[in-house]
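Visitor: Keeping their order, the protein sequence lines are chains B and Z.
Residues in the first sequence are numbered from 1 upward in steps of one, following the UniProt record's numbering.
Residues in the second sequence are numbered from 1 upward in steps of one, following the UniProt record's numbering.
Take this structure, written in structure tokens, and hold onto it; I'll ask about it next.
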Amino acid sequence: MRFALTEDQVALRDAVTAPLAAGDWDALAGIGVFAAMTDLGLDETDLVPVLEEVGHAAVAAPVTATAFVAAPLLLALGDDRAAAGTLRVAVAGPGGLTPFGGHADLVLHLDGGTARAGGARVKASTVDISLDAVASTAGEVLTDDPALVGAAAARAALGHAAELVGLGRRMLELTVGYVKQRHQFGAPVGSFQAVKHQLADAYLGLEFARPAVLAAAWALREGAGAREAVDGAVVLAADAAHAASRAAIQCHGAIGYTVEYELHRYAKRAWALAALATPGDRLDALATTIGLPKEL
Amino acid sequence: MKIVVLVKQVPDSGADRNLRSDDNTVDRASASNVINEMDEYAIEEALRLQEAHGGEVVILTVGPDRATESIRKALSMGPDSAVHVVDDALHGSCAVATSKVLAAAIAQQGADLVICGAESTDGRVQVLPHMIAERLGIAALTGARKLTVDGTSLTIERQTDEGYEVVTASTPALVSVWDTINDPRYPSFKGIMAAKKKPLQTLSLGDLGIAAGEVGFDGATSTVVEHSKRPPRQAGNKIDAGDDGGSKLVEYLASEKFV
């Protein structure tokens with residue numbers, strides 16, 4: 001297994017940064033992001049680096065859910081609108097809590113081997129208001145093919161993990177830039193161990209999470225050990241993004257708490273996505289896999 | 001119509017750029033290299049012409065081996081093929097020598113229309129389009145903010161400080177463009193996947209019938225003999241907001257003839 005990105009994967013990743021920064025859904029559709037897995041024959045390993053950029057940009061639209069989760073699932077059901085980018089699809093999380101549900105054309109519920117379209121939506125409150133979250137109820141059944149639905153649910157979880165790595169990287173970049181600029185006691189604060197060790201730890205966490213995310217993408221593509229790989233990727237990415245957010249806020253000093261400064265956007269997005277990806281349940285599942293008793 | 005688009009790889013103008021300390025040429029090895037920004041507009045204009053009138057779009061680059069990255073990026077926007085002139089002897093070439101190489105490669109391609117950016121962000125001399133047209137004996141429609149093609153007739157709006165001039169010519173011709181002419185497209189995923197399968201021809205100076213001594217440092221009509229870093233900005237005057245702060249401020253403004 002080789003995790004270094006190919007030239008093509010790097011080019012695909014770099015191609016989305018400008019339209020993501022502009023928050024331009026139509027441009028993303030135009031370059032074929034939503035059709036990547038359907039028309040272009042790209043797979044999970046090609047998309048994961050792109051999704052890390054989606055997280056990095058903290059874009060306020062269901063790009064990952066539409067491109068990575070819905071497009072292949074709906075195409076298998078004969079509906080190509082998600083792949084064309086003309087249908088914005090959000091994916092419901094635990095309890096029907098759905099990021100970007102407020103302006104999605106379709107909410108997907110992926111539970112227990114059944115995919116359902118969302119029914120009634122009620123505006124929901126999350127830490128990140130840019131998520132435009134709703135509580136959605138599950139409506140009509142779209143498919144109960146367990147293989148299709150299981151793969152879509154795994155992609156949804158992996159999509160969160162990839163975005164979390166991107167969010168963590170964004171917070172780390174912002175903080176490294178800040179601590180090089182901010183002086184105290186006649187030196188940049190980033191030169192002090194109390195600051196730089198925290199950020200080095202945050203960097204390590206992200207660097208360890210990224211290969212796990214790529215490995216999970218590979219496992220999903222190959223259909224081998226995918227559940228454990230995805231669970232592990234989610235746990236590592238959520239932990240790494242949490243650690244990066246804590247270090248980022250701390251190392252920014254008081255400005256890290258203000259809403260006028262952009263850091264809170266990435267921190268809150270990371271907390272919300274980490275909660276939706278249920279790392280605790282996944283850690284429990286991994287514990288069961290290695291034979292640990294359920295209750296100690 | 002066969003359109004040749006000139007594409008140059010340059011150090012990213014958004015990052016730190018330097019000249020080399022040993023020979024005063026642009027330091028490309030340590031820079032983050034990208035397609036010259038204006039050239040993306042040239043590519044876009046060529047692709048729009050191809051979409052409207054058919055024909056073929058060929059990328060032409062003179063540059064070191066690593067310029068291949070920029071050529072692939074250019075191809076991912078949609079052109080059909082590329083020609084890369086790469087030769088160690090080219091290092092240190094001036095604009096006059098570079099125009100000789102580009103003109104020879106264009107002549108070999110047999111282009112109806114050459115489109116290029118009005119300037120590169122590293123050299124910024126703006127003379128290459130005119131030199132190439134002169135060498136090829138074709139019309140130079142430079143500094144375009146709009147290009148219209150009707151058969152073999154070309155019309156541009158030539159951007160000036162005061163407004164624009166309407167200039168016409170017939171093919172074969174060269175058009176250089178400013179960034180006001182269009183909005184370049186993003187490379188698509190499909191284009192990226194297709195780019196590596198597109199023909200990329202590599203040519204040496206010998207293939208163009210140019211001797212090594214005509215280009216590079218030996219053939220240069222101008223060379224950079226010395227360079228130094230821009231001096232750091234001087235600290236400005238600080239006037240304390242004390243009792244006489246107001247009068248000191250007025251004194252300063254008066255001394256600079258602002259009041």
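We put the CB at the ideal spot given by N, CA and C, even for glycine.
If you run the structure through DSSP and keep just helix, strand and coil, what is D284 (chain B)?
Guide: Taking the first sequence and counting its residues from 1, the one referred to as residue 284 (chain B) is at position 284. DSSP places D284 (chain B) in helix when its eight states are reduced to three.
Visitor: Give a yes or no on whether the minimum CB-CB distance between P79 (chain Z) and chain B is below 8 Å.
Guide: Within the second sequence, numbered from 1, the residue matching residue 79 (chain Z) stands at position 79. For P79 (chain Z), the answer is no, since every Cβ of chain B falls outside 8 Å of its Cβ.
Visitor: G280 (chain B) versus chain Z: which residues are under 7 Å apart at the beta carbon?
Guide: Your numbering for residue 280 (chain B) matches position 280 in the first sequence. Correct list: empty, because the minimum Cβ distance to chain Z is about 36 Å.
Visitor: Kindly list the residues whose CB is nearer than 8 Å to the CB of D27 (chain Z), restricted to its own chain and excluding five residues on each side of it in sequence; keep chain order.
Guide: Within the second sequence, residue 27 (chain Z) is the residue found at index 27, counting from 1. Only P11, R17, N18, L19, R20 meet the Cβ criterion.
Visitor: Keeping to the same chain, check which residues put their C-beta closer than 6 Å to that of G119 (chain B); ignore five residues upstream and five downstream.
Guide: In the first sequence, the residue the question calls residue 119 (chain B) occupies position 119. Within the same chain, T137, G139 come within 6 Å of G119 (chain B) by CB-CB distance, once the 5 residues on both sides are set aside.
Visitor: For A277 (chain B), which residues in the same chain have their Cβ closer than 7 Å to its Cβ, ignoring the five residues on either side in sequence?
Guide: Walking along the first sequence from the start, residue 277 (chain B) turns up at place 277. Cβ within range, chain order: A157, H160, A161, V234, A238.
Visitor: When you compare only the Cα positions, how much space is there between D80 (chain B) and A74 (chain Z)?
Guide: In the first sequence, residue 80 (chain B) corresponds to position 80, counting from 1. In the second sequence, residue 74 (chain Z) corresponds to position 74, counting from 1. One C-alpha to the other measures close to 30 Å.
Visitor: Going along chain B in order, which residues have a C-beta closer than 8 Å to the C-beta of P187 (chain Z)?
Guide: Your numbering for residue 187 (chain Z) matches position 187 in the second sequence. Within 8 Å Cβ-Cβ: A11, A15, I31.
Visitor: Taking a contact to mean a Cβ-Cβ separation below 8 Å, would you say D111 (chain B) touches R88 (chain B) in this structure?
Guide: Your numbering for residue 111 (chain B) matches position 111 in the first sequence. Your numbering for residue 88 (chain B) matches position 88 in the first sequence. Cβ distance not < 8 Å, so D111 (chain B) and R88 (chain B) don't count as in contact.
Visitor: Tell me, please, whether the CB atom of I35 (chain Z) is closer than 8 Å to any CB atom in chain B?
Guide: In the second sequence, residue 35 (chain Z) corresponds to position 35, counting from 1. Taking Cβ atoms only, chain B never reaches closer than 8 Å to I35 (chain Z), which makes this a no.
Visitor: Count the other CB atoms within 10 Å of the CB of H197 (chain B); is the residue buried (16 or more) or exposed (fewer)?
Guide: The residue given as residue 197 (chain B) occupies position 197 in the first sequence. Its Cβ having fewer than 16 others within 10 Å, H197 (chain B) is exposed.
Visitor: In three-state terms, what does DSSP make of T221 (chain Z)?
Guide: Sequence index remark: in the second sequence, residue 221 (chain Z) carries index 221 (1-based). Here T221 (chain Z) sits in coil by DSSP.
Visitor: List, from N- to C-terminal side, the alpha helix (DSSP H) runs of 4 residues or more that fit wholly inside the segment 113-167 of chain Z.
Guide: 128-136
Visitor: Got a sec: which bits of the segment 170-195 of chain Z sit with their beta carbon under 7 Å from any beta carbon on chain B, in order along the chain?
Guide: Y186, P187, S188, F189, K190, I192, M193
Visitor: When you compare the CB positions of A105 (chain Z) and L174 (chain Z), do they come within less than 8 Å of one another, or not?
Guide: Counted from its first residue, the second sequence places residue 105 (chain Z) at position 105. Counted from its first residue, the second sequence places residue 174 (chain Z) at position 174. Cβ distance not < 8 Å, so A105 (chain Z) and L174 (chain Z) don't count as in contact.
Visitor: Alpha carbon to alpha carbon, how far is L90 (chain Z) from A65 (chain B)? Give it in angstroms, no decimals.
Guide: Here the question's residue 65 (chain B) lines up with position 65 in the first sequence. Here the question's residue 90 (chain Z) lines up with position 90 in the second sequence. Just so you know, the alpha carbons of A65 (chain B) and L90 (chain Z) end up roughly 50 Å apart.
Visitor: Can you tell me whether DSSP reads I106 (chain Z) as helix, strand or coil?
Guide: The sequence position of residue 106 (chain Z) within the second sequence is 106, counting from 1. If DSSP states are grouped into helix, strand and coil, I106 (chain Z) belongs with the helices.
Visitor: Sorted by chain position, which residues of the same chain lie with C-beta nearer than 7 Å to A103 (chain Z)'s C-beta, five sequence neighbours on each side aside?
Guide: Here the question's residue 103 (chain Z) lines up with position 103 in the second sequence. Sequence-distant partners of A103 (chain Z) (beyond 5 residues in either direction) whose C-beta falls short of 7 Å from its own C-beta, in its chain, are I132, R135, L136.
Visitor: Check the Cβ-Cβ distances between A285 (chain B) and every residue of chain Z, and say whether any is below 8 Å.
Guide: For the purposes of this step, residue 285 (chain B) is taken as the residue at position 285 of the first sequence. No, because no Cβ of chain Z sits closer than 8 Å to the Cβ of A285 (chain B).
Visitor: What are the boundary residues of the beta strand (DSSP E) that includes G139 (chain B)?
Guide: Within the first sequence, residue 139 (chain B) is the residue found at index 139, counting from 1. Taken as a continuous stretch (DSSP letters only), the beta strand (DSSP E) holding G139 (chain B) covers 134-143.
Visitor: For a minimum of 3 consecutive residues, which ranges assigned as the beta strand (DSSP E) are wholly contained in the segment 193-238 of chain Z?
Guide: The segment 193-238 of chain Z contains these whole beta strand (DSSP E) runs: 200-203.
Visitor: At 7 Å on the CB atoms, spell out the chain B contacts of S76 (chain Z), in chain order.
Guide: Taking the second sequence and counting its residues from 1, one reaches residue 76 (chain Z) at position 76. Those are A11, listed as they occur along chain B.
Visitor: So I90 (chain B) is in the beta strand (DSSP E); what residue range does that whole segment cover?
Guide: Translated into the one-based positions of the first sequence, residue 90 (chain B) becomes position 90. Just to set this straight, residue 90 (chain B) is Ala in the shown sequence, not Ile. Its beta strand (DSSP E) spans residues 89-91.
Visitor: So with CB distances below 8 Å, who are the chain Z contacts of D8 (chain B)?
Guide: Your numbering for residue 8 (chain B) matches position 8 in the first sequence. Those are I192, M193, K196, listed as they occur along chain Z.
Visitor: Under a CB-based cut-off of 8 Å, is A133 (chain B) close to chain Z?
Guide: Indexing the first sequence from 1 puts residue 133 (chain B) at position 133. Output row for A133 (chain B): interface = no.
Visitor: Could you tell me the alpha carbon to alpha carbon distance between Y203 (chain B) and P293 (chain B), rounded to whole angstroms?
Guide: Mapped onto the first sequence, residue 203 (chain B) falls at position 203. Mapped onto the first sequence, residue 293 (chain B) falls at position 293. One C-alpha to the other measures close to 33 Å.
Visitor: With 16 other CB atoms within 10 Å as the buried threshold, where does S191 (chain B) fall?
Guide: Position 191 of the first sequence, counted from the start, is the residue given in the question as residue 191 (chain B). Burial call: exposed.
Visitor: Would L40 (chain B) pass as an interface residue toward chain Z - the criterion being a Cβ-Cβ separation below 8 Å?
Guide: Here residue 40 (chain B) refers to the residue found at position 40 of the first sequence. Residue contact check for L40 (chain B) against chain Z: a CB pair falls below 8 Å.
Visitor: Going by CA-CA distance only, name the one from B:G205, B:Y257, B:V16, B:T6 that's closest to G55 (chain B).
Guide: Position 55 of the first sequence holds residue 55 (chain B). Cα-wise, what sits closest to G55 (chain B) is B:V16.
Visitor: Please confirm if the segment 136-147 of chain Z is in contact with the segment 155-170 of chain Z, defined as three or more CB-CB distances below 8 Å between the two stretches.
Guide: yes
Visitor: Just to check my reading of the structure: D39 (chain Z) and C116 (chain Z) have Cβ atoms closer than 8 Å, yes? What is that Cβ distance to the nearest angstrom?
Guide: Stepping through the second sequence from its first residue, residue 39 (chain Z) is reached at position 39. Stepping through the second sequence from its first residue, residue 116 (chain Z) is reached at position 116. Contact holds; Cβ gap of about 7 Å.
Visitor: Quick one: using the 10 Å Cβ neighbour count with 16 as the cut-off for buried, is N36 (chain Z) buried or exposed?
Guide: Position 36 of the second sequence, counted from the first residue, corresponds to residue 36 (chain Z). Buried.
Visitor: For a contact defined as C-beta to C-beta under 7 Å, what are the partners of A18 (chain B) on chain Z?
Guide: In the first sequence, the residue the question calls residue 18 (chain B) occupies position 18. Going along chain Z in sequence order, the residues near A18 (chain B) (Cβ under 7 Å) are Y186.
Visitor: Quick one: measure Cβ to Cβ for L263 (chain B) and G253 (chain B), integer angstroms, because I've assumed they're closer than 8 Å.
Guide: Reading the first sequence from its first residue, position 263 is the one you call residue 263 (chain B). Reading the first sequence from its first residue, position 253 is the one you call residue 253 (chain B). The Cβ separation is near 11 Å, so there is no contact.
Visitor: At the 8 Å Cβ level, is A157 (chain B) part of the contact set with chain Z, yes or no?
Guide: Taking the first residue of the first sequence as 1, we reach residue 157 (chain B) at position 157. It does not; no Cβ of chain Z falls within 8 Å.
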